[in-house]
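Notes follow the structure.
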Amino acid sequence: MHIAILLSSLGAGGAERVLALLTGHWTANGHRVTVIAFDSESDPVFHDFGAGVSQLRLGLPPGGSSPIGLLARRTMRLRRILRTERPDIVVSFLFKINVTTLIAAMGLGIPVIVSERNNPDRQQAHPIWPLLRSLFYPSAAALVLQTEASRKALSRSQAAAGVVIANPITCWPRRPEPEGRKTLVAVGRLDAQKGFDLLLQAFAVVAALHPAWDLVIWGEGPRRADLEAQVAALGIGDRASLPGLSDKPGDWIASASAFVLSSRFEGFGNAMAEAMAAGLPVVAFDCDYGVAVLADRDVDCLVVAPEDVSAMAAAIDRLLGDPALRHRLGTAASISARRFAAPAIFAQWDALLDNSVTGKPAQSPAIADGPVAVT
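For the sequence shown, UniProt numbering assigns the number 1 to the initial residue and increments by one for each residue that follows.
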């Protein structure tokens with residue numbers, strides 16, 4: 001089978017991570033894979049998509065004053081590529097890329113699977129985009145969402161072909177908790193969604209109570225200058241740092257002693273799932289969506305009300321001050337995260353591709369939309 005994969009860029013990110021894992025699986029099983037991205041050849045590639053994968057980078061990144069003009073340029077260019085490549089199926093990730101792909105593939109006879117990778121209710125976009133989504137999503141062979149809650153957030157017509165498939169999670173190696181300095185880690189794009197401004201406020205409240213702990217926020221993004229200024233204003237410059245991207249995916253786990261998810265909203269919470277799989281103790285805002293699927297409150301994770309800085313500070317204080325709690329949560333988290341092991345998730349994607357090519361209706365796999373019991 002020839003599978004074409006559409007995404008915005010080949011940089012760091014949860015969607016890119018999942019597609020890199022799927023690409024490796026599909027090529028290992030004899031499929032031909034072509035990755036098509038709208039960024040430029042000069043932009044960095046963070047994830048390993050594999051030597052046997054063709055990469056086409058269209059040099060049409062977001063920007064400019066006219067979303068309609070960019071959509072038209074992307075659609076025409078992509079349509080020419082699809083006509084030339086003639087894939088058996090197309091898999092597209094992310095809201096705007098999904099719409100672009102569905103328009104470009106109209107009338108070509110190529111089934112298109114689209115996937116929402118964020119909270120559909122919280123994505124800010126020009127008003128034309130929600131309208132286009134409502135018009136074109138019903139034409140998709142299948143719509144993949146990461147949680148049942150995300151599917152329910154869409155209209156009935158948009159979610160008619162909806163199927164829930166969780167993310168495949170890699171278990172990265174980590175070191176035992178050190179005797180000396182310890183690190184509380186957060187990971188994500190430096191933007192408003194990830195709530196790192198809230199995290200810095202919470203950490204500043206408890207930093208003096210836990211002098212052996214530092215906060216490290218991994219990632220890059222448009223809010224870097226604001227966050228660095230906030231670190232200075234809070235007087236925690238010797239305890240909180242923003243080192244940028246890790247050298248390789250998952251490298252941040254090796255030095256972590258605990259993980260915090262401070263997002264205002266999520267699609268799934270990939271970094272949190274990876275932290276749990278590695279056995280890290282986690283504290284998280286109960287944001288929509290993903291945390292409710294990943295976490296069993298006070299069993300494998302400390303969960304607090306969304307955007308409640310005082311509650312987050314109290315939970316961080318509790319976690320950093322109790323080694324036995326960290327051990328218990330981390331052990332339970334590593335067991336709970338096993339339901340997202342890559343082979344099982346790959347099998348769900350394989351079945352979806354086969355059904356989409358043959359025209360069979362999509363069906364959600366039997367995976368619990370919530371935590372599993374840990375004994």
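For glycine and all other residues, C-beta sits at the position ideal for the given N, C-alpha and C.
Note that the structure is a prediction, hence the values are computed from the model and not measured.
Straight-line gap, residue i to residue j (C-alpha atoms, nearest Å)
i	j	result
F268	A186	15 angstroms
S345	P67	Checking the sequence shown, residue 345 turns out to be Ile, not Ser. Roughly 34 angstroms separates the two Cα atoms.
A72	A313	47 angstroms
G370	A295	Low local confidence applies: a pLDDT of 49 at G370 is under 50, so the model's placement there is unreliable, and no value is given.
A333	L154	30 angstroms
G107	P323	60 angstroms
G50	L10	12 angstroms
V299	D43	42 angstroms
M276	E228	28 angstroms
G359	D88	12 angstroms
V45	K248	11 angstroms
L143	K152	12 angstroms
G63	N270	27 angstroms
F196	G52	38 angstroms
H327	P127	47 angstroms
I30	M1	Ile is not the amino acid found at residue 30; the sequence shown has Gly there. Each residue's alpha carbon lies about 8 angstroms from the other.
L280	R57	36 angstroms
R174	S255	7 angstroms
L319	S257	11 angstroms
V282	M272	7 angstroms
D251	A278	12 angstroms
V205	R79	53 angstroms
D354	W172	30 angstroms
F285	A159	27 angstroms
V163	S8	22 angstroms
T84	Q55	14 angstroms
Residue closest to residue i, alpha-carbon to alpha-carbon, out of the options
i	options	result
L200	S334, S262, L131	S262
E116	L132, N98, L108, G244	N98
F265	L215, D191, I335, V144	D191
R74	F46, S92, A104	A104
F259	G52, D317, K152, L145	D317
A208	R80, G237, L6	G237
P130	P178, R224, S157	S157
I3	M272, I110, S310, A273	I110
V114	V90, P127, T331, I128	V90
I5	G14, V33, G13	V33
residue 388	L22, G69, P62	Residue numbering for the chain in the displayed model covers 1 to 375; residue 388 lies beyond these limits and cannot be assessed.
H25	N355, T358, W349	W349
A12	S336, G188, A347, S54	G188
F95	S150, R57, G321	S150
P176	R83, N119, G330, N29	G330
S356	K248, D251, A161	A161
S310	E179, A202, G250	A202
L16	N118, G59, R77, R83	First, the amino acid is wrong: residue 16 is Glu here, not Leu. That would be N118, whose Cα lies nearest to the Cα of E16.
S336	D251, A284, E274, R239	E274
R224	A212, D251, K194	K194
V293	H210, E148, R57	E148
Beta-bridge partners of residue i, as assigned by DSSP
i	result
K182	W213
H2	R32
R297	C301
F285	V304
S115	F93, V144
L7	A37
V341	Going by the sequence as given, residue 341 is Ala instead of Val. Note: A341 sits in a beta bridge opposite I169.
Below-8 angstroms beta-carbon distance, residue i vs any chain B residue
i	result
I113	Included in the structure is just one protein chain, with no chain B present.
Margin query: Quick test of the definition: if touching needs 3 or more C-beta pairs under 8 angstroms, does the stretch 162-171 touch the stretch 339-346?
Written below: By the Cβ criterion, the stretch 162-171 is in contact with the stretch 339-346, since at least three pairs of Cβ atoms, one from each stretch, lie closer than 8 angstroms.
Notebook entry, point to check: Quick check: the stretch 297-304 against the stretch 231-251, are there 3 or more CB pairs under 8 angstroms?
Noted result: no
Notebook entry, point to check: Hey, which unbroken runs of the beta strand (DSSP E) at 3 residues or more fall wholly within the stretch 18-81?
Noted result: 32-37, 54-57
Notebook entry, point to check: Are the stretch 36-46 and the stretch 117-132 touching, with three or more C-beta to C-beta distances below 8 angstroms?
Noted result: With a cut-off of 8 angstroms, the stretch 117-132 and the stretch 36-46 do not count as touching, because too few Cβ pairs lie within range.
Notebook entry, point to check: Counting Cβ pairs closer than 8 angstroms, one from the stretch 274-290 and one from the stretch 220-229, do we hit at least three?
Noted result: Touching, no, given that fewer than three Cβ pairs across the two stretches are closer than 8 angstroms.
Margin query: Using 8 angstroms as the cut-off, can you tell me whether the stretch 130-146 makes contact with the stretch 86-100, which would need three or more C-beta pairs spanning the two stretches below that distance?
Written below: yes
Next item on the list: Indicate whether the contact test is met: 3 or more Cβ pairs, each with one atom in the stretch 208-217 and one in the stretch 236-250, closer than 8 angstroms.
Entry: yes
Margin query: I'd like the ranges of any alpha helix (DSSP H) spanning at least 4 consecutive residues and lying wholly in the stretch 139-210.
Written below: Complete alpha helix (DSSP H) runs here, min 4: 148-153, 196-206.
Notebook entry, point to check: Mind pulling the alpha helix (DSSP H) runs of 4 or more residues that sit fully within the stretch 237-279?
Noted result: 251-254, 270-277
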